[in-house]
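In the working numbering, the protein residues as written are 60 to 574.
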């Protein structure tokens with residue numbers, strides 16, 4: 060009897076399971092068909108209407124920016140890259156999306172992967188527009204330098220330390236031996252991390268003086284980006300916030316080195332400063348405190364300064380240095396301009412270095428031809444959707460659609476704006492005939508478009524001023540004091556993109572001191 064009852068129960072369970080599975084399968088199929096139908100008017104690779112596989116492959120390849128560029132090259136300035144995700148290379152549309160009063164918002168699914176503690180936001184990861192705007196208002200003075208009167212002086216300290224460090228590897232002009240090869244992929248991040256820890260927390264980490272990655276901070280940041288990129292590509296970025304599993308895989312402030320150690324050291328500095336007066340302090344942390352950033356928000360924002368302020372600027376510097384070194388004509392012309400004004404051992408003032416026309420063109424061209432940040436920066440359309448005109452064609456984008464930014468095609472491959480040689484590093488393209496109305500208008504559009512490298516409007520990069528101070532001074536002083544040559548011209552570096560930031564390694568150079 061018991062056996063018969065058990066069999067009947069099992070049979071009933073199987074009969075009940077079948078319609079449940081069928082209904083769930085139908086729900087999934089209907090949902091996917093609905094997603095496909097909503098964006099059916101937008102072209103893209105064959106599978107992108109029904110699957111995220113194409114996008115996952117792009118992210119995990121380390122070359123997502125090239126995938127996005129290829130898509131907009133082939134399918135136009137707005138294209139489909141996943142069932143619910145579009146991407147655009149249209150500068151005017153992207154400008155409107157990011158305007159101060161834009162109804163678009165950040166996409167949680169992307170920005171949650173950039174949190175360094177699950178469930179805790181900073182100004183970069185905050186997706187609610189009102190909360191983001193309130194955070195940003197409190198922090199603007201600290202980032203701009205208005206409350207940091209020693210900002211330029213602090214940066215000068217570390218520019219000099221960088222020059223002194225390079226001297227240790229450099230050969231003399233009359234030497235019959237080559238210099239000791241130096242890895243610029245390491246030295247430049249030492250510089251940017253020291254700068255941002257100094258102007259951000261008031262205490263430099265001391266990488267340049269030690270000539271090493273103190274406590275493996277930089278190594279851990281790279282590993283963290285790789286993990287976040289993999290999680291995003293596989294669609295498992297929710298794992299760090301999961302109970303039991305999350306704490307096991309996330310960095311801890313109890314760690315003896317790496318990312319957790321970096322968080323612990325930063326928290327010690329921040330907690331110590333909380334209880335003290337900010338009078339006489341002119342770093343970013345003091346400015347945040349004075350403007351009402353408090354509690355755990357203070358740690359989140361101050362630590363974000365360190366992470367965001369180092370990686371992006373170091374990528375920009377290494378990109379610029381490589382393009383200059385591998386372009387003899389540009390190299391000679393830039394160095395001639397530098398020599399025409401370099402007359403002392405003091406670090407050049409920001410007000411003076413910004414007056415150099417060719418250096419300005421080199422910086423703008425280098426950032427254009429190889430944007431240092433190629434994040435997709437996913438946004439979400441307002442609930443009511445949006446009617447847009449792109450390249451003369453009208454489109455309706457349904458509410459709740461993700462839209463991202465294709466840096467590679469908006470800047471590097473933008474032939475209609477920058478010319479048929481847009482992929483070539485040619486600073487002279489920024490010198491135009493301003494008496495020619497058409498050329499003057501095109502130049503203005505070039506400026507507006509290239510400025511989008513730093514974002515726009517509501518989400519424009521808060522740290523742009525600090526980054527540009529570092530970039531101009533560093534390039535000027537390095538090429539004033541040294542000559543550089545790639546040790547291996549056929550493979551001058553190794554690079555891939557993780558979370559839209561470039562991991563650059565093996566950038567070996569030989570250095571010679573200049574008279």
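For glycine and all other residues, C-beta sits at the position ideal for the given N, C-alpha and C. Note that the structure is predicted; figures quoted are calculated from it, not measured.
So what's residue i in DSSP terms, helix, strand or just coil?
i           : result
residue 217 : helix
residue 148 : coil
residue 63  : Low local confidence applies: a pLDDT of 49 at residue 63 is under 50, so the model's placement there is unreliable, and no value is given.
residue 486 : helix
residue 456 : strand
residue 473 : coil
residue 575 : With the chain covering only 60 through 574, there is no way to say anything about residue 575.
residue 314 : coil
residue 415 : coil
residue 364 : helix
residue 492 : coil
residue 557 : strand
residue 109 : coil
residue 225 : helix
residue 230 : strand
residue 306 : helix
residue 274 : helix
residue 235 : coil
residue 285 : helix
residue 354 : helix
residue 158 : coil
residue 182 : coil
residue 206 : coil
For residue i, count neighbouring C-beta atoms within 10 Å of its own C-beta (all shown protein chains included) and say buried if the count is 16 or more, exposed if not.
i           : result
residue 172 : buried
residue 375 : buried
residue 563 : buried
residue 462 : buried
residue 445 : buried
residue 180 : buried
residue 561 : buried
residue 296 : buried
residue 167 : exposed
residue 232 : exposed
residue 516 : exposed
residue 366 : buried
residue 222 : buried
residue 218 : buried
residue 386 : buried
residue 455 : exposed
residue 208 : exposed
residue 518 : buried
residue 159 : exposed
residue 293 : exposed
residue 566 : buried
residue 331 : exposed
residue 388 : exposed
Just reading off the alpha helix (DSSP H) that residue i is part of, what are its end residues?
i           : result
residue 388 : 387 to 400
residue 464 : Element bounds for residue 464: not the alpha helix (DSSP H) but the beta strand (DSSP E), 461 to 464.
residue 445 : Here residue 445 belongs to no alpha helix (DSSP H); instead the beta strand (DSSP E) covers 445 to 449.
residue 346 : 343 to 349
residue 12  : Coverage of the chain is limited to positions 60 through 574, which leaves residue 12 absent and any answer about it impossible.
residue 254 : 243 to 260
residue 298 : That residue, residue 298, is in no alpha helix (DSSP H); it is neither H nor E in DSSP.
residue 191 : 188 to 203
residue 266 : 266 to 269
What is the residue span of the beta strand (DSSP E) that residue i lies within?
i           : result
residue 138 : 137 to 141
residue 571 : 567 to 572
What residues are listed by DSSP as bridge partners for residue i?
i           : result
residue 165 : 438
residue 544 : 569
residue 563 : 554
residue 432 : 560
Excluding the 5 residues preceding and the 5 following residue i in the sequence, name in chain order all residues of the same chain whose CB lies nearer than 8 angstroms to its CB.
i           : result
residue 291 : 118, 169, 172 and 558
residue 122 : 555 and 556
residue 418 : 393, 396, 397, 412, 531, 534 and 535
residue 125 : 467
residue 573 : 232, 539, 540, 541 and 542
Spatial neighbours of residue i within its chain, please: CB distance less than 6 angstroms, with the 5 preceding and 5 following residues excluded, ordered by chain position.
i           : result
residue 319 : 310, 311 and 312
residue 498 : 491 and 492
residue 345 : 337
residue 141 : 107, 111 and 114
residue 370 : 560
Ordered along the chain, which non-local residues of its own chain (more than five positions away) have a Cβ less than 7 angstroms from that of residue i?
i           : result
residue 264 : 252, 253, 256, 273 and 276
residue 326 : 312 and 358
residue 228 : 238, 239, 241 and 570
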